[in-house]
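Novice: Right, I'll just put the structure down here and ask away after.
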């Protein structure tokens, strides 16, 4: 395997740690973490990669006749996190001239085309590599006398979009230092003041999202770090015309994957097809969960024990939450709120329904999330009944949850036309077993 000049990436590949919006097929995330343009003429650094099964070059300046072609990887770097259509560019040198260059990865074989000088390029559709996490791409070059050189390098696939929810299931925090793990009481990762689906809310609504990026994965029986690109942006949509779906399925698989393309985002909606939009910001992970006597069930019954009774302080004045959860290994936050986020509003500010021209009555809210390589997803819709004036004409009392007249908020795009056929949103895992909650490793 080639030394890519990045110790953390190299260690990931050596350990076999294998790594989830369409249209940006020439972007990827290199090991250093900066988004790189993979098109010809990019400034991506050259990688000194060894030849595999190829005779060494006869001289430092020019290869001898009959010697296998020398292949140098130009783009992408080995260990890069990639998605979608991947452009691979190499430099190939041979005294007898190059007859053909091709690459093989998994069950795909792609012929390269010659660019300027000694540069060759091929385009691989990584979405065809379902089930793979860190495949090896083997580039082979054949010269006009039949000599062949080859070069192999690994990439990490992330063709899976982030997972997001405005009303996720409860979770527990586990202390992995104890055996079996000491586990916290279950809690809402967004805090008790974030509305639940179907809840009646006032004018100022503390909307938050739990968001985590997801990469390609495979079967495993241990705790393993699988790299993913990481969350790049999150945008909140609030739409008060419940006769139209807010989130839709666009590719006929039945899963909600986008905002209704007929809805126009606006800071201040004025028309019936406009939704209020706010860019969410990540909240720095902090605090601790509450440990104490509790009941455990389901699969977690063998993983958890009751902790010693401790009650950490609230994160800031007026908040009931004592913890902002993060993602294991990377410490990236999983909680996003409405800015500004400061010492007085440590979990974010409130969405102002009146200030954004959202009418009283039922409304649909959802979050669109994009990761660093361009995979995009949409959360399940959050149905809230807004009663800004507090007269209960449209909704029940603030804080109560109802199913009466609750809109569906989902639909389907078929042949370019949006209809109200429901789609199924992606959600965070929940077994449905009493007291069996997802375990979060701090």
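In the working numbering, the protein residues as written are -4 to 437.
Even glycine gets a Cβ: it sits at the ideal position worked out from N, Cα and C.
This structure is a prediction, so every number in the text was calculated from the model and none was measured.
#1: To which residues does DSSP link residue 239 through a beta bridge?
#2: What residue range is occupied by the uninterrupted beta strand (DSSP E) comprising residue 303?
#3: Does the ligand HEM have even one heavy atom less than 8 angstroms from the beta-carbon of residue 297?
#4: Since residue 161 and residue 204 are thought to touch, with beta carbons under 8 angstroms apart, how far apart are those beta carbons, to the nearest angstrom?
#5: Three-state secondary structure (DSSP) at residue 296?
#6: Give the DSSP-derived three-state secondary structure of residue 317 in the structure shown.
#7: So what's residue 263 in DSSP terms, helix, strand or just coil?
#8: In whole angstroms, what separates the C-alpha of residue 48 from that of residue 104?
#9: Mind checking residue 215: buried by the 16 CB within 10 Å criterion, or exposed?
#10: Rounded to the nearest angstrom, what separates residue 265 and residue 350 at their Cα positions?
#11: So what's residue 429 in DSSP terms, helix, strand or just coil?
#12: Does the beta-carbon distance from residue 147 to residue 131 come in below 9 angstroms?
#13: Please state whether DSSP places residue 143 in a helix, a strand or coil.
#14: What does the Cβ neighbour count give for residue 71, buried or exposed, with the cut at 16 atoms within 10 Å?
#15: Using the three-state DSSP reduction, which class does residue 80 fall into: helix, strand or coil?
#16: For residue 68, write down the residues that DSSP places opposite it in a beta bridge.
#17: Please report how far the alpha carbon of residue 379 lies from the alpha carbon of residue 74, in whole angstroms.
#18: Beta strand (DSSP E) containing residue 178: first to last residue?
#19: Counting along the chain, where does the beta strand (DSSP E) carrying residue 393 start and finish?
#20: With respect to the beta strand (DSSP E) encompassing residue 116, which residues constitute its N-terminal and C-terminal limits?
#21: To which residues of the same chain is residue 167 closer than 8 angstroms at the C-beta, ignoring the five residues directly before and after it?
#22: State yes or no: is the C-beta of residue 275 within less than 9 angstroms of the C-beta of residue 343?
#23: Whole alpha helix (DSSP H) runs in the region 157 to 208 with 4 or more residues, listed along the chain?
#24: For the beta strand (DSSP E) that residue 345 lies in, which residues bound it at each end?
#25: Should residue 81 go down as buried or exposed, given a rule of 16 or more other Cβ atoms within 10 Å for buried?
#26: Find the nearest neighbour of residue 144 within the set 133, 367, 69, 366, judged by alpha-carbon distance.
#27: Starting from residue 233 and walking both ways along the beta strand (DSSP E), at which residues does that stretch end?
#28: So does the region 313 to 329 actually touch the region 190 to 203, counting three or more Cβ pairs closer than 8 angstroms?
#29: By how many angstroms is the C-alpha of residue 96 removed from the C-alpha of residue 341?
#30: Should residue 402 be labelled buried (16 or more other beta-carbon atoms within 10 Å of its own) or exposed?
#31: Please report the straight-line C-alpha distance between residue 152 and residue 212, rounded to a whole angstrom.
#32: Can you give me the start and stop residues for the beta strand (DSSP E) that residue 278 sits inside?
#33: Distance, Cα to Cα, residue 222 vs residue 150?
#34: Tell me which residues share the same chain as residue 2 and place their Cβ nearer than 7 angstroms to its Cβ, disregarding the 5 neighbours each side in the sequence.
#35: Assess contact between the region 387 to 397 and the region 408 to 426, defined as three or more Cβ pairs (one per stretch) separated by less than 8 angstroms. Is contact present?
Specialist: The short version:
#1: Bridge partners of residue 239: none, in fact.
#2: Looking at the DSSP string, residue 303 is not in any beta strand (DSSP E), and its letter there is neither H nor E.
#3: What this structure holds is no ligand at all, so the ligand HEM is not there to describe.
#4: 5 angstroms
#5: helix
#6: coil
#7: coil
#8: With a pLDDT of only 42 at residue 48, under the threshold of 50, the placement of this residue in the model should not be trusted; the figure read from the coordinates follows. So the two alpha carbons sit approximately 19 angstroms from each other.
#9: exposed
#10: 12 angstroms
#11: coil
#12: yes
#13: strand
#14: buried
#15: strand
#16: 85
#17: 44 angstroms
#18: 176 to 178
#19: That residue, residue 393, is in no beta strand (DSSP E); it is neither H nor E in DSSP.
#20: 114 to 120
#21: 178, 179, 180, 181, 182, 284, 295, 299, 432, 433, 434, 435
#22: yes
#23: none
#24: Per DSSP, residue 345 belongs to no beta strand (DSSP E) and is neither H nor E.
#25: buried
#26: 133
#27: 226 to 234
#28: no
#29: 56 angstroms
#30: buried
#31: 9 angstroms
#32: Per DSSP, residue 278 belongs to no beta strand (DSSP E) and is neither H nor E.
#33: 11 angstroms
#34: Interpretation of residue 2 is limited by its pLDDT of 34, a score under 50 that renders its predicted location unreliable; the figure taken from the coordinates is listed afterwards. There are no such residues.
#35: no
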